[in-house]
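First up is the structure itself, then whatever we jot down about it.
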Amino acid sequence: MVKYIYLTILWALSSTAIAQSNSRKTEKRPDSVGYYMLDETTMASEQDAKFVRLLIKTDSNMFRVNDYYMDGTLKLTAKTTVDSLNFFPGARSICYEYYPNGKRKSIRNFEKGVIVGDAVTYYSNGSLHTIQNHSLKDIYLKQCLDTAGNILANNGNGKWLKTSDGNLEGYMEGPVLNGKEEGEWKRYIADTVYTIVYKQGQIISGEEFLKIKDSVFEKVDVSPSFPGGDSAFGKYLSRNIRYPARARENNVQGRVVITFIVEKDGTITNIRVLRGLGSGLDEESVRVLAESPKWKPGLSKGKPVRVQYSVPISYALQTENAPANNRKSRSRY
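Counting from 1, one number per residue, gives the positions in the sequence shown under UniProt numbering.
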């Protein structure tokens, strides 16, 4: 069964490539899109990919998201309103995540891209780990258990254990008070122990204070977004991108994937091409993002943070049989 699923995934990716090629003539997006992914927001080559992401359009104009590890094991299943490789801004309903061994990793409920209500995590052995309650502006650390099922914290008070991917190879532990980190915490990495001091859930001192303060996040509670949302971003691209003459002459079409950092104040920095087309399209994609207005920053525990973000920009020439200098062009998100 695993091998069959994996072959199906590869076929879907190949079919998507064909559908995208055909769509240049019909001007329609394919009903399914596949990406090789390095992490939640970054595309990768097949050789470097950690998992495969499939977005499949449903009858309700939603997209079903299925992530698979490279051996075909289900990694995640969710629903979204956006057909972008970063589906979280449009995430709706319940999202289920799984470990490579098939055990459930987490259950989260999304509304308009934001986690709401109780988010439940599990250890890689399948036992319950934490329950955290999410509101629009706050996270309440509700309950924490150890791998044997013993309660460490309950009703927001006690000892909390934070792990990396559900294992204890690198972890943090410390007290929680009224649903927030409070006092001195210890972070264990290999043979090194770091001390971090919290007050009402905020880091106020410690060896890693400066490093954490300016770190770049990949997973946040609220993803960064263009002012006005995805539709406004698409309009911004259409109005501002100039299709390079060299790309027109050579009939170069396709998708450029750009990655960048959305800073705490919403400015865009560290722009680079993750997957390019050449003929000036890569440079044009970088230019239009560099001139973008400030975004709404990503939020972690209600606070703005630096977030690594990636977007695909599609380029298409509308009239294939017309002379190169008479062709209409468009770009889309």
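Beta carbons: idealized from backbone N, C-alpha and C, even for Gly.
Within the same chain, and ignoring the five residues on either side of asparagine 250 in sequence, the residues whose Cβ sits closer than 7 Å to its Cβ are Ser279.
Collapsing the DSSP output to three states places asparagine 250 in coil. In the three-state reduction of the DSSP assignment, lysine 112 falls in the coil class, being assigned neither a helical nor a strand state.
The C-alpha of glutamine 132 is placed about 8 Å away from the C-alpha of glycine 117. Per DSSP, the unbroken beta strand (DSSP E) holding asparagine 133 starts and ends at 128 to 134. Judged by beta-carbon spacing, glutamate 284 lies within the 8 Å limit of isoleucine 241, meaning their Cβ atoms are closer than that value. Using a Cβ-Cβ distance cut-off of 8 Å, the region 302 to 312 and the region 251 to 265 are in contact, since at least three pairs of beta carbons, one from each stretch, lie closer than that value. Check the Cα spacing between asparagine 125 and each of Thr195, Thr269, Lys112, Leu145: the tightest is with Leu145.
For alanine 316, the closest alpha carbon among the candidates Gly302, Leu281, Gly298, Val286 is that of Leu281. Residue environment analysis places asparagine 66 among the buried positions, since at least 16 neighbouring C-beta atoms fall within 10 angstroms of its C-beta.
Per DSSP, the beta bridge partners of asparagine 66 are Leu54, Thr77.
Listed as beta-bridge partners of threonine 267 by DSSP are no residues whatsoever. If you draw a straight line from the Cα of methionine 43 to the Cα of proline 293, it comes to about 24 Å. For aspartate 118, the three-state secondary structure derived from DSSP is strand. In the DSSP assignment, lysine 235 falls within the alpha helix (DSSP H) that extends over 230 to 240.
Straight-line measurement puts the Cα of serine 60 at about 20 Å from the Cα of valine 114. Of the residues Gly156, Leu161, Met37, the one whose Cα lies closest to the Cα of glycine 149 is Leu161. In this structure, valine 273 places its C-beta atom within 8 Å of the C-beta atom of valine 256. With respect to the 8 Å criterion, proline 224 and lysine 296 are classified as neighbours on the basis of their beta carbons. For glutamate 97, the enclosing beta strand (DSSP E) covers residues 91 to 98. Annotation: isoleucine 151 to aspartate 39 spans about 32 Å, alpha carbon to alpha carbon. When rounded, the separation of the alpha-carbon atoms in tyrosine 236 and lysine 137 is 29 Å. Put simply, the backbone Cα of leucine 177 is about 44 Å away from that of glutamate 291. Straight-line spacing of the CA atoms in asparagine 86 and threonine 41 works out to 5 Å.
Distances from the CA of isoleucine 56 to each of Lys142, Thr73, Val33 were compared; the closest alpha carbon is that of Val33. Serine 32: member of the beta strand (DSSP E) spanning 32 to 37, first to last residue.
Secondary structure of leucine 317 (DSSP, three-state): strand. Ranking Phe63, Arg64, Tyr69 by CA distance to the CA of alanine 49 puts Tyr69 first.
Judged by their CB atoms, glutamate 46 and tyrosine 35 are not nearer to each other than the 8 Å cut-off.
No Cβ-Cβ contact shorter than 8 Å links isoleucine 258 with valine 222.
Residues of the same chain with their beta carbon placed closer than 6 Å to that of lysine 199 are lacking, with the five preceding and five following residues left out of the count. For lysine 159, the pairing in a beta bridge is given by DSSP as Pro175. Burial check for glycine 302: the Cβ neighbour count within 10 Å stays below 16, so the residue is exposed.
Cβ atoms of glycine 179 and lysine 142 come within 8 Å of each other, at about 7 Å. Taking histidine 129 as reference, the option from Arg246, Asn154, Ser135, Asn109 with the minimal CA-CA separation is Asn154.
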